[in-house]
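First to last, the protein sequences are chains B and P. Residues 14 to 348 (my numbering) are what the first sequence spells out, left to right. Residues 14 to 348 (my numbering) are what the second sequence spells out, left to right. Beta carbons are placed, not taken as given, at the ideal position from N, Cα and C, and that holds for glycine. This one's a predicted model, so the numbers in the text were calculated from it and none came from an experiment. These notes concern the structure reproduced below.
Protein chains: 2
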Amino acid sequence: MSLTDIALDAMGSDDAPGPEIRGAILACRAYPVRVHLIGPEAKLRAGLGVLGRRVPIEIVHTDEWITMEDKAAKAVREKRNSTMRLGLKMVKERRAAGFVSAGNTGAAMASAKMVLGALPGVERPALAMPLPTTTGSPCVLLDVGANVDCNVRNLAQFAIMGEMYARSVFKIEKPRVGLLSIGEEETKGNDLTREALQVMKQLPIRFIGNVEGRDLYSGNADVIVCDGFVGNVALKTSEGLARMVRDMLRESLMSTVSGRAGALLARRGFKEFKKRLDQSEYGGAPLLGVRGPCIIGHGSSDDRAILNGIRVAAEFAASGVTNRIEREFSASPVS
Amino acid sequence: MSLTDIALDAMGSDDAPGPEIRGAILACRAYPVRVHLIGPEAKLRAGLGVLGRRVPIEIVHTDEWITMEDKAAKAVREKRNSTMRLGLKMVKERRAAGFVSAGNTGAAMASAKMVLGALPGVERPALAMPLPTTTGSPCVLLDVGANVDCNVRNLAQFAIMGEMYARSVFKIEKPRVGLLSIGEEETKGNDLTREALQVMKQLPIRFIGNVEGRDLYSGNADVIVCDGFVGNVALKTSEGLARMVRDMLRESLMSTVSGRAGALLARRGFKEFKKRLDQSEYGGAPLLGVRGPCIIGHGSSDDRAILNGIRVAAEFAASGVTNRIEREFSASPVS
């Protein structure tokens with residue numbers, strides 16, 4: 014069986030390269046992939062140790078990487094041998110089927126746009142975040158931060174790309190696409206969304222009209238479209254609330270002896286709860302609309318998140334969603 | 014001891030008038046208030062029963078009220094004897110110190126603007142939602158839905174009103190005021206927030222610059238300013254996520270016998286967790302910038318939420334925040 018080559022930024026996550034090394038080993042054991050770990054060779058070699066010799070992992074050496082503190086635009090321009098640039102170049106030159114990074118999101122997006130380039134007809138690539146829902150099926154929110162000030166045409170393009178992603182990667186036959194607004198009625202929304210609503214009704218997708226913030230998690234929509242400012246606020250608000258809930262739950266349970274005993278007894282349930290809530294199961298957000306799979310994970314990614322990022326990159330590549338978007342946009346009413 | 018008169022829309026909440034009647038009785042027992050229950054007399058009288066005779070509750074009869082399904086603008090115009098209009102009229106005529114409703118938010122805001130009117134200098138009244146944070150101190154988010162398309166001046170006014178509310182009602186001496194954006198750096202944000210940032214730096218408040226969605230719950234800011242579209246999305250996203258977490262936690266715990274036993278043992282901890290997370294502790298969102306206290310609660314308000322809404326209305330009235338906003342805006346650089 015042939016292996017799918019995935020390029021992995023080994024220096025992306027907050028605790029890099031630990032999660033990347035362990036995630037790569039796990040991925041090679043679980044899936045038919047060959048992982049190209051990009052980073053400082055000696056360090057990666059040491060981290061891989063004996064385990065790394067038994068799996069198809071290659072090291073691509075570089076001493077340069079972009080940190081979370083780096084200004085994205087400047088770092089992308091100046092760090093010409095960064096892990097991100099090398100990884101994306103492998104995708105461009107077809108030496109890898111996809112690229113994964115848990116590094117600086119702004120820099121990863123800018124690098125992908127520069128190295129891979131946008132697909133013809135795509136005005137603005139968009140970062141698409143799959144979120145868990147009550148029904149168990151993911152909801153894809155886009156854009157979550159690639160494009161801050163958007164026009165109607167941008168939103169319409171996001172709708173089409175998001176729909177294709179949900180269809181190709183999550184195998185949802187007829188994804189329900191909603192427009193994020195502040196009420197279901199057509200008159201609700203701001204100037205941008207009210208106009209976008211009318212345009213999106215004309216698209217060849219299953220458009221369900223306006224949806225609200227609560228629908229990100231209700232399972233009422235498979236794809237939800239918004240500008241990158243609103244999407245980023247919604248995503249980070251969710252992160253903040255999830256963290257507070259976790260902290261409060263722990264504190265409240267640990268404050269009494271019976272609570273501690275209860276928490277212990279309910280351990281399996283809690284674990285399963287955490288797993289269902291955990292975004293790392295989705296392995297990160299793909300940047301849709303560029304020439305090749307680029308999956309961007311959270312800086313706090315652990316082994317499991319990296320493992321899933323590699324899986325998603327391979328699935329994304331196999332799904333042919335990039336080609337589909339390209340075909341669609343060469344003929345689409347909003348291209 | 015003299016009682017504070019509070020006008021309560023008895024027909025607002027989804028289960029009205031039950032929560033309103035019980036909440037009013039609880040409030041009269043707990044605080045020095047006289048509650049004017051506004052709604053259909055026979056129904057309210059029956060609901061109050063014997064308990065209602067022992068507390069200072071008055072009934073103000075009307076057969077007209079605005080439902081959740083009503084179009085706000087039309088209903089406000091046409092239902093001239095609605096519970097909302099009568100209650101707000103009592104505030105205007107100084108027969109009540111404040112008004113509370115858990116009804117149609119759009120209609121309550123429109124009614125308040127029409128009946129009470131905006132304070133001189135206030136261009137746009139704003140709905141201010143107190144949110145729970147990790148540190149236990151609330152964070153006030155405004156605007157959460159009164160004003161969809163805002164300009165820089167609107168945001169600056171929200172900052173000043175929110176700061177005064179946090180100071181007067183939550184007794185925070187020097188509230189930290191942040192601008193909701195997508196990164197802390199000054200260059201991050203959309204056209205509106207980048208410009209607003211520069212104006213807000215000049216205001217006579219403790220402005221801490223850009224904050225992110227996760228800061229709604231981190232306790233890093235006491236007041237967070239945004240336009241009503243973004244605020245509404247953030248709030249409803251939070252509601253949706255909180256509901257999903259509750260459902261998932263229950264399901265995950267109930268799926269095993271030891272989990273069920275654990276949940277039982279940890280009951281007190283869960284109850285305390287729910288209470289800390291529960292927005293009803295804050296009793297609803299005041300509409301800042303109108304001539305008099307108007308507190309708008311969630312449609313799903315229960316007895317406890319109504320009780321707290323009445324408490325907040327009385328505290329809001331006693332704090333003199335309305336007068337302070339009026340004074341400030343008659344001399345402020347952004348009025």
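Buried/exposed call for residue i, threshold 16 Cβ in 10 Å
i        : result
P/Gln211 : exposed
B/Glu197 : exposed
P/Gly62  : exposed
B/Ala120 : buried
P/Glu71  : exposed
P/Arg352 : Residue coverage of chain P in this structure runs from 14 to 348, which leaves residue 352 of chain P outside it and unanswerable.
B/Pro30  : buried
B/Asp76  : exposed
P/Asn167 : buried
P/Asn203 : buried
B/Ser194 : buried
P/Glu199 : exposed
P/Ser265 : buried
B/Lys284 : exposed
B/Lys87  : exposed
P/Asn94  : exposed
Neighbourhood of residue i by C-beta distance below 6 Å, restricted to the same chain and skipping five residues each side
i        : result
P/Pro3   : Lying outside 14 to 348, the shown extent of chain P, residue 3 of chain P is not represented and no answer is given.
P/Cys163 : Asp240
B/Asn245 : Val157, Gly158
B/Met177 : Val334, Arg337, Ile338
B/Thr148 : Gly232
P/Ser314 : Ser26, Pro32, Ala115
B/Val325 : Gly296, Ile308
P/Asp228 : Ala234
P/Ala298 : Leu140, Ala141, Met142, Ile309
P/Asp260 : none
Contact belief for residue i with residue j at Cβ below 8 Å, rounded distance in angstroms
i        : j        : result
B/Ala255 : P/Leu50  : Rounded, the Cβ-Cβ distance is 39 Å, inconsistent with contact.
P/Thr351 : P/Gly65  : Absent from the model: residue 351 of chain P. The displayed extent of chain P is 14 to 348, so no value can be given.
B/Met213 : P/Thr146 : With 8 Å as the limit, B/Met213 and P/Thr146 do not qualify as a contact, their Cβ atoms being about 36 Å apart.
B/Ala247 : P/Gly226 : 7 Å
P/Met127 : P/Val73  : 19 Å between Cβ atoms; not a contact.
Contacting residues, own chain, Cβ-Cβ under 8 Å from residue i (five flanking each side not counted)
i        : result
P/Leu129 : Leu101, Val104, Lys105, Val303, Arg304, Gly305, Cys307
B/Glu136 : Arg166, Asn167, Gln170
B/Leu205 : Cys163, Asn164, Val165, Leu168, Asp240
B/Ile38  : Leu61, Leu64, Gly65, Val68, Ile70
P/Arg42  : Val68
B/Ala40  : Ile19, Val46, Val48, Ile319, Leu320, Ile323, Arg324
B/Ile185 : Ser150, Ala179, Asp235
Short Cβ contact (9 Å threshold) for residue i with residue j
i        : j        : result
B/Leu192 : B/Val157 : no
B/Val161 : B/Ser332 : no
B/Phe242 : P/Val68  : no
B/Met122 : B/Pro138 : yes
P/Val48  : P/Ile237 : no
P/Thr17  : P/Ala330 : yes
P/Asp28  : P/Trp78  : no
P/Gly36  : P/Ile218 : no
B/Thr250 : P/Ser124 : no
B/Ala172 : B/Leu216 : yes
B/Leu301 : B/Gly175 : yes
P/Ala110 : P/Ala327 : yes
B/Val113 : B/Ala20  : yes
Neighbourhood of residue i by C-beta, 7 Å cutoff - its chain only, sequence neighbours within 5 removed
i        : result
B/Ile221 : Arg189, Val190, Gly191, Ala234
B/Arg108 : Asp18
B/Lys201 : Ser194, Ile195, Asn223
P/Ser343 : Pro133, Gly134
P/Asp316 : Pro32, Arg35, Gly36, Leu39
Original post:
Looking at chain B, which residues of the segment 142-169 of chain P have a Cβ within less than 8 Å of any of its Cβ atoms?
Top reply: Of all residues in the segment 142-169 of chain P, only Pro145, Thr146, Thr147, Gly158, Val161, Asp162 place a beta-carbon less than 8 Å from a beta-carbon of chain B.
Subject >> Residues within the segment 243-257 of chain P neighbouring chain B, beta-carbon criterion of under 8 Å >> reply: Val243, Asn245, Val246, Ala247, Leu248, Lys249, Thr250, Ser251, Glu252, Gly253, Leu254, Ala255, Arg256, Met257
Original post:
What residues in the segment 29-46 of chain P have a beta carbon less than 7 Å from any beta carbon of chain B?
Top reply: none
Subject >> Short-range partners of chain P found in the segment 217-236 of chain B, where Cβ spacing is below 8 Å >> reply: Glu225, Gly226, Arg227, Asp228, Leu229, Tyr230, Ser231
Original post:
What residues in the segment 182-197 of chain B bring their beta carbon closer than 9 Å to a beta carbon of chain P?
Top reply: Leu193, Ser194, Ile195, Gly196
Subject >> Under 9 Å (Cβ pairs) to chain P, residues found in the segment 321-339 of chain B >> reply: Per Cβ criterion, the list is empty.
**OP:** Quick one: which residues of the segment 66-91 of chain B get their C-beta closer than 7 Å to a C-beta of chain P? List them in chain order.
**Re:** none
Subject >> Residues in the segment 92-112 of chain B having any Cβ partner in chain P nearer than 8 Å >> reply: Across the segment 92-112 of chain B, no CB contact with chain P closer than 8 Å is found for any residue.
Original post:
At a Cβ cut of 7 Å, what residues of the segment 258-269 of chain P count as close to chain B, listed as they run along the chain?
Top reply: Val258, Asp260, Met261, Leu262, Ser265, Leu266, Ser268, Thr269
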